[in-house]
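Just below is one structure, and these are the notes that go with it.
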Amino acid sequence: MLTNTLDQLFDLKNLEDFATLMIKLASPEDIRRWSRGEVLKPETINYRTLKSEKDGLFDEKIFGPTKDWECYCGKYKRIRYKGVICDKCGVEVTQSRVRRERMGHISLACPVAHIWFFKGAPSKISTILGVAPRAMEQVIYFARYMALNVDEDKKKEAIKLLETALSENEKQIITVFKEKKEILSSEAKKAKEKIEGKIKDKEQLSLAISEIELDSRKKETSISEDEKANLSRNSKLFENLISLVRGLKTLSILSEEEYDELATYGAADFFDAKMGAEAVLSVLAEVDLEKQSVEIRAEIDETKVTSTKYIKLVKRLKLIDGMKRAKIDPVWMILKVLPVLPPDLRPMVQLSGGRFATSDLNDLYRRVINRNNRLKHLITLGAPEIILRNEKRMLQEAVDSLIDASQRKATRRARGRQPLRSLSDMLKGKQGRFRQNLLGKRVDYSGRSVIIVGPDLKLNQCGLPKEMALEMFKPFVLREMISRGIAPNVKSAKNMLDRRPPEVFDILEEITKDHPVLLNRAPTLHKLSIQAFYPVLIEGSAIRLHPAVCSGFNADFDGDQMAVHIPLSRQAIEEAKTLMLPEHNLLRPSDGSPVSTPASKEMALGIYYLTSVDPKLEKCKNVFSDEDEAILVHQSGRIELRQLISVRIEGKIVETSVGRIYFNEILPSVFDFVNESATSTLIKKLFSLAYAKCDASIVVKMIDDVKDLGFSAGTLSGISFGIFDAVLLPEKGKLLKEAEIRVTDIEENFNQGLVTLEEKKRKIKEVWIEVSEDIADKTWALMEPTNPIRIVIDAKVGRASRDQVKQLSAMRGLVVDPLGKIVELPIKSNFREGLSVFEYVTSSRGSRKGLTDTAIKTADAGYLTRRLVDVSHDLIIRQVDCGSEEGLTIRKLDRPNSFIQRIVGRYLVNDVKASKDKVIAVKGDSINEELATKIDAAGVEEVVLRSPLTCLSRHGLCAKCYGWDLSTKKEVEVGTPVGVIAAQSIGEPGTQLTLKTKHSAGVVG
22 MLTNTLDQLF DLKNLEDFAT LMIKLASPED IRRWSRGEVL KPETINYRTL
72 KSEKDGLFDE KIFGPTKDWE CYCGKYKRIR YKGVICDKCG VEVTQSRVRR
122 ERMGHISLAC PVAHIWFFKG APSKISTILG VAPRAMEQVI YFARYMALNV
172 DEDKKKEAIK LLETALSENE KQIITVFKEK KEILSSEAKK AKEKIEGKIK
222 DKEQLSLAIS EIELDSRKKE TSISEDEKAN LSRNSKLFEN LISLVRGLKT
272 LSILSEEEYD ELATYGAADF FDAKMGAEAV LSVLAEVDLE KQSVEIRAEI
322 DETKVTSTKY IKLVKRLKLI DGMKRAKIDP VWMILKVLPV LPPDLRPMVQ
372 LSGGRFATSD LNDLYRRVIN RNNRLKHLIT LGAPEIILRN EKRMLQEAVD
422 SLIDASQRKA TRRARGRQPL RSLSDMLKGK QGRFRQNLLG KRVDYSGRSV
472 IIVGPDLKLN QCGLPKEMAL EMFKPFVLRE MISRGIAPNV KSAKNMLDRR
522 PPEVFDILEE ITKDHPVLLN RAPTLHKLSI QAFYPVLIEG SAIRLHPAVC
572 SGFNADFDGD QMAVHIPLSR QAIEEAKTLM LPEHNLLRPS DGSPVSTPAS
622 KEMALGIYYL TSVDPKLEKC KNVFSDEDEA ILVHQSGRIE LRQLISVRIE
672 GKIVETSVGR IYFNEILPSV FDFVNESATS TLIKKLFSLA YAKCDASIVV
722 KMIDDVKDLG FSAGTLSGIS FGIFDAVLLP EKGKLLKEAE IRVTDIEENF
772 NQGLVTLEEK KRKIKEVWIE VSEDIADKTW ALMEPTNPIR IVIDAKVGRA
822 SRDQVKQLSA MRGLVVDPLG KIVELPIKSN FREGLSVFEY VTSSRGSRKG
872 LTDTAIKTAD AGYLTRRLVD VSHDLIIRQV DCGSEEGLTI RKLDRPNSFI
922 QRIVGRYLVN DVKASKDKVI AVKGDSINEE LATKIDAAGV EEVVLRSPLT
972 CLSRHGLCAK CYGWDLSTKK EVEVGTPVGV IAAQSIGEPG TQLTLKTKHS
1022 AGVVG
């Protein structure tokens, strides 16, 4: 709860001064001081007059008038009576907006514990008092007693009382059973006498007497056993009671049965037993924070650091010291007065049908007031303790539901709908006040539309629909119209704009020419999810996006939507131009790999088609003098695009193709002649090289040139594939039969007890995985290099790989179920042959795994990113060099393949020497790619580098310990938020990884 002086808190002019706001526990006096009056009735609005009820939750006397400058009864109206309090209705004449600020209060009939402080981990009340949280909860909810004011002298008397009672009870039991035995023997004696009078035969008489004696002995034995059992039960009961009394100290918890037993024997007089928040309040009132702090510190000194007791003591000390510093009285954790939220923050609105829609808080407050009033009434009536106790528990539950319903087990629901939203629910989570309203601002000058590909756009451009641009740039256009004299004022300019004359679009064209817009695609996982573009005005309603920037946004054109925002201030426009254009974001911040490259989909497929050689065409016998001659001959139709030819390039005869000559023409002059099939991987390598050697403008031109050439070559190729391009393996049936024989052998071995169940399952899985891989390999070998499916996979242009060929042409193999277990039944068919009914049912389990992973784990990955950002957002580059002499040792042995990648962009702590003491790199050097390759080639096994882990900066990090900014491959600038970048770099691929399962449909291997 917010606390400060009322004038400071509620004077809206002071709210920009953040020093006036603080979050701390409020005392009952504070709550009463904020309040403008007590809410006594649960009523809200009168259904006839639709005006607020007196003393109710919307009372105008407490919270202020509902109409500006008008009191409740209408006696005073207009601003001239400002500040007057009506003598008739008691309402102050002021603005109605005060109903957003003025609070009320409810005086509780009994103390109520605040749910934030006794429930949830860690429980603050439990920590201060050193009582288990569960026990504390039971006391507060009237399920157990808490012992207070234990008198040690009377305790000894109570133990004596119990010992006396034990011996008396034992005597009593012995006496009772002695009497029973005597009655039994007298009954047996009478029975004998009776029989002696009836039976004259001596033998029969002796038999009858022995029967009576036997029966009597049996009964006596049973009585003795009962006596023994009663004595042991009695001694156990008293032993337990005595040990309970001995162990009883202040704050001990007793169950109702235990307390009743003690009271029965008069041994409950040496302590006070209380229940509910009143008991906790009386204990907290006696807590001396200063004294406790000293005692705990002394105890910590005597406790082992590794023990759990030590951790508990440290936590307790931290809390007590925090309360001391903030000048908080622990008693304030128990509510005596409940604040009532201003009514305009929990509104009640009339709907068209005459019914009312109300905030859930009104329902929750109404329950609290009803129960509070009932409890007050019962107290005045002098109701029995058990009824009062139940009513107090219900009041506690009502206040819990109001403050935080999510902590309670049984949450109140609104007529079969969702649970009611409590005060905490309104603050926390994605839909809460902070994240939804305070941090999640709704932005003006923005639009949203579906994206489509813009193959004719340059890298820094996006296609913006004219209508959308006109609406977003409306104020700019209106100003320009007035300044040019097209319209005399804003109103006529607006009217003219609605008619859409041609000059409006000319003005719009001029305005947007050098005014970048920001494009954002949700989810915004890293900085590349928001980039700036120069808008190109287009017809239609869809935003056009350059195909190369899709990977940064993780966008595709299957119905994705993007938001457009306009930077308004000069500073924002300048920032967008210098930092946010795609030409300044060509590398990933996570690993420095090129991101906005035309290395995927149709562009890369076109380049691969262009640079690959058709094996069906014979090599041309002529030798061409240079590239131009070869192109001329190709244009005259004498040689094919993908035919092998010999050309003189830079004084050497090179065996190449016309397609490769076309490709090399668009590459920057720094490159040697690239004479191989350009797969997606090679294109990325070329761009990495270009970024290292060329200026950014040359790289941007290269991106657009490769994109254009790729699209035209892709169109020329006419590559498409049908189901019959998925080649079937003729000997597949034979291989499957062999596998089935092997599986049968394994099952026979299992039946004979030669292998265990686990072993059988593992061996069968191994057989099917081996067979499916074998069939897949043979099917792949069967595909000709000209097969469209093979071309697409060889080009590495998308997610397509040999795994998909395995499913299309070979056999699907084993699949996993949603829990990740392998289904034992293999799918022997492929998609070209078609699956059987059983196989479809089996494969549906794998598909289900893909869908569940997507739904559940994407949210988890997003939450992981959020937590990572939360933990590392304060890591900012604060200085250039902290002067640290320490570092982290990077060993080649750990991961030999990524050694170069791990040392690039870092600073050396020591000199790096080759085997013959030759210094390759000096201490303090920055390692670039060239130096890293040199170190690797020299056979250096380990390098000591500056690391953020050994940085000596007091706040944040220094540039030397951090190393390069991978998105620029230069030293990181002071002020860069490296913590957030690192968190996003881990979280972003995490989210993408969960979507991978979906594409393999749960197939193993």
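With this note's numbering applied, the sequence shown has no gaps in its numbers, which climb one by one up to 1026 at the end. Backbone N, C-alpha and C fix where the C-beta goes; we use that ideal spot for every residue, glycine too. Treat the numbers as computed from the prediction; the structure is a model and nothing was measured.
Going by C-alpha distance, which of 672, 276, 351 is nearest residue 307?
Relative to the Cα of residue 307, the nearest Cα in the group 672, 276, 351 belongs to 351.
Among residues of its own chain, excluding the 5 on either side of residue 147, which ones have a beta-carbon nearer than 6 Å to its beta-carbon?
So the qualifying residues of the chain are 154, 157.
Per DSSP, which one or two residues make a beta bridge with residue 583?
In the DSSP output, where bridge partners are listed per residue, residue 583 has 470.
Can we say the stretch 867-881 touches the stretch 992-1006, given the rule of at least three CB pairs closer than 8 Å?
Not touching, per the Cβ criterion.
Assign residue 301 to buried or exposed, taking buried as 16 or more other Cβ atoms, counted over all protein chains shown, within 10 Å of its Cβ.
Burial call: buried.
Please list the segments of the alpha helix (DSSP H) lying wholly inside the stretch 630-695, counting only runs of 4 or more residues, in order along the chain.
For the stretch 630-695, whole alpha helix (DSSP H) runs of length 4 or above, ordered along the chain, are 648-656, 679-686.
Closest by CA to residue 745, which one among 721, 809, 555, 700?
For the residues 721, 809, 555, 700, the minimum Cα distance to residue 745 belongs to 809.
Report back the beta-carbon spacing between residue 269 and residue 168 to the nearest angstrom; my notes put them in contact at under 8 Å.
Between the beta-carbon of residue 269 and that of residue 168 there is about 6 Å, and that keeps the pair under the 8 Å contact cut.
Relative to the alpha-carbon of residue 551, which residue among 526, 882, 584, 888 has its alpha-carbon at the smallest distance?
Nearest C-alpha to residue 551: 584.
Whole-angstrom distance between residue 547 and residue 163, CA atom to CA atom:
Taking the straight line from one Cα to the other gives about 51 Å.
Would you kindly work out how many angstroms separate the C-alpha atoms of residue 785 and residue 760, rounded to a whole number?
Annotation: residue 785 to residue 760 spans about 9 Å, alpha carbon to alpha carbon.
Could you compute how far the alpha carbon of residue 30 sits from the alpha carbon of residue 50?
For residue 30, the predicted model reports a pLDDT of 46, less than 50, meaning its position is unreliable; a value from the coordinates is still stated below. A direct Cα-Cα distance of roughly 15 Å separates residue 30 from residue 50.
Best match in 801, 764, 740 for proximity to residue 751 [C-alpha to C-alpha]
For the residues 801, 764, 740, the minimum Cα distance to residue 751 belongs to 801.
On the criterion of 16 or more Cβ atoms from any shown chain inside 10 Å, does residue 1008 qualify as buried, or is it exposed?
Residue environment for residue 1008: buried (at least 16 other C-beta atoms within 10 angstroms of its C-beta).
Looking at residue 630 and residue 738, is the spacing between their C-beta atoms short of 8 Å?
Contact flag set, yes.
Could you check how far apart the C-beta atoms of residue 828 and residue 852 are, in whole angstroms? I think they sit under 8 Å.
Rounded, the Cβ-Cβ distance is 6 Å, consistent with contact.
With a threshold of 6 Å on Cβ separation, who are the neighbours of residue 1010 within its own chain once the five nearest residues in sequence on each side are excluded?
Once the five neighbours on either side are set aside, residue 1010 has no close Cβ partner at all.
Could you give the DSSP three-state label for residue 883: helix, strand or coil?
Helix at residue 883.
Residue 536 (DSSP reduced to helix, strand or coil)
Reduced to three states, the DSSP call for residue 536 is coil.
Under DSSP, the alpha helix (DSSP H) around residue 778 begins and ends at which residues?
The continuous alpha helix (DSSP H) containing residue 778 extends over residues 778-803.
Quick check on residue 640: buried or exposed, where buried means 16 or more other Cβ atoms within 10 Å of its Cβ?
Exposed is the call here.
Considering just the uninterrupted stretch of the beta strand (DSSP E) at residue 167, what are its terminal residues?
Counting along the chain, residue 167 sits inside the beta strand (DSSP E) bounded by residues 165-169.
When you compare only the Cα positions, how much space is there between residue 1005 and residue 304?
Each residue's alpha carbon lies about 48 Å from the other.
Can you round the beta-carbon distance between residue 735 and residue 624 to whole angstroms, since I take them to be within the 8 Å contact cut?
7 Å between Cβ atoms; contact.
What residue ranges within the stretch 141-203 form continuous beta strand (DSSP E) runs of no fewer than 3 residues, ordered along the chain?
Qualifying beta strand (DSSP E) stretches, in chain order: 165-169.
Use the C-beta contact count for residue 10: other C-beta atoms within 10 angstroms, 16 or more gives buried, fewer gives exposed.
Coverage of the chain is limited to positions 22 through 1026, which leaves residue 10 absent and any answer about it impossible.
Given a cut-off of 8 Å on the beta-carbon distance, is the pair residue 361 and residue 60 in contact?
At the C-beta level, residue 361 and residue 60 come within 8 Å of one another.
Inter-residue spacing [alpha-carbon to alpha-carbon] between residue 889 and residue 674
One C-alpha to the other measures close to 57 Å.
Run through the DSSP bridge pairs and tell me what residue 377 is partnered with.
Residue 377 pairs with 371.
Close-in-space but distant-in-sequence residues of the same chain around residue 113 (CB under 6 Å, 5 per side omitted):
Only 106 meet the Cβ criterion.
Take residue 893 as the anchor and find which of 425, 1000, 822, 423 has the nearest alpha-carbon.
Here the closest residue by C-alpha is 1000.
Grab me the residues of residue 807's own chain with a C-beta within less than 8 Å of its C-beta, minus the 5 sequence neighbours each way, in chain order.
Result list for residue 807: 635, 636, 637, in chain order.
Confirm, please, whether the CB-CB distance from residue 480 to residue 569 is below 8 Å.
Yes, Cβ-Cβ distance for residue 569 and residue 480 is below 8 Å.
Buried versus exposed call for residue 393 [16 or more other C-beta atoms within 10 Å across all chains shown]:
Label assigned to residue 393: buried.
Considering only residues of the same chain and omitting the five flanking positions on each side of residue 645, which have a CB-CB separation below 8 Å?
Closer than 8 Å at the Cβ level, and outside the excluded window around residue 645, lie 651, 654, 666, 667, 668, 669.
What's the gap between the Cα of residue 1024 and the Cα of residue 882?
Whole-angstrom Cα-Cα distance: 23 Å.
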